[in-house]
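See structure below.
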Amino acid sequence: MRTSDSIAKLAKAMVAVGLEPAWGSIGKDKTAKVPTKAGGQYSYDYADLSTCYEQIVPLFAKHGIAIFQPTRTQGTDVIVTTILAHEGEFISEEFTVPAGDRGAQALGS
0 MRTSDSIAKL AKAMVAVGLE PAWGSIGKDK TAKVPTKAGG QYSYDYADLS TCYEQIVPLF
60 AKHGIAIFQP TRTQGTDVIV TTILAHEGEF ISEEFTVPAG DRGAQALGS
């Protein structure tokens with residue numbers, strides 16, 4: 000993780016975001032149905048990434064926090080950089096998503 004020399008103002012703004020009543024109340028608008036090895040199935044509700052993003056970004060913006068996610072490729076991999084910025088301060092981290100069978104879903108499971 001990379002940061003500016005100070006992240007005091009950014010940290011204070013992030014705490015304010017976390018105290019927003021809407022934080023933590025993201026609606027789970029999708030349902031996944033998962034087959035079991037025994038032939039049955041179970042389901043669970045979840046919020047997909049676009050739903051989360053649509054509900055979180057306005058909260059960050061309200062407190063002056065900008066979110067950037069530029070991407071680049073390196074060979075067959077995609078590198079996503081997430082940057083949170085506020086009043087000249089920043090936090091930045093990179094995440095490499097391998098291509099093929101080692102992709103994002105494989106990393107998450």
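The sequence shown begins at 0 in numbering that gives the first Met the number 0 and counts up by one.
We put the CB at the ideal spot given by N, CA and C, even for glycine.
The structure presented is a predicted model; accordingly, all values stated were derived computationally and were not measured.
Looking only at DSSP bridge pairs, what is residue i linked to?
i: PRO34; result: GLN40
i: LYS29; result: TYR45
i: ALA65; result: ALA84
Please look up how many angstroms separate the CB atoms of residue i and residue j, rounded, as I've assumed it's under 8 Å.
i: LEU9; j: ILE90; result: 7 Å
i: GLN68; j: VAL79; result: 6 Å
i: GLN54; j: ALA21; result: 7 Å
Exposed or buried, residue i, counting other C-beta atoms within 10 Å across all chains shown (16 or more means buried)?
i: ILE64; result: buried
i: ALA60; result: exposed
i: ALA31; result: exposed
i: ILE12; result: A small correction: the amino acid at residue 12 is Ala; Ile does not occupy that position in the sequence shown. Result: buried.
Taking three-plus beta-carbon pairs below 8 Å as touching, is the region 38-45 in contact with the region 78-96? Put simply, the region 38-45 does not touch the region 78-96. Fewer than three CB pairs are less than 8 Å apart.
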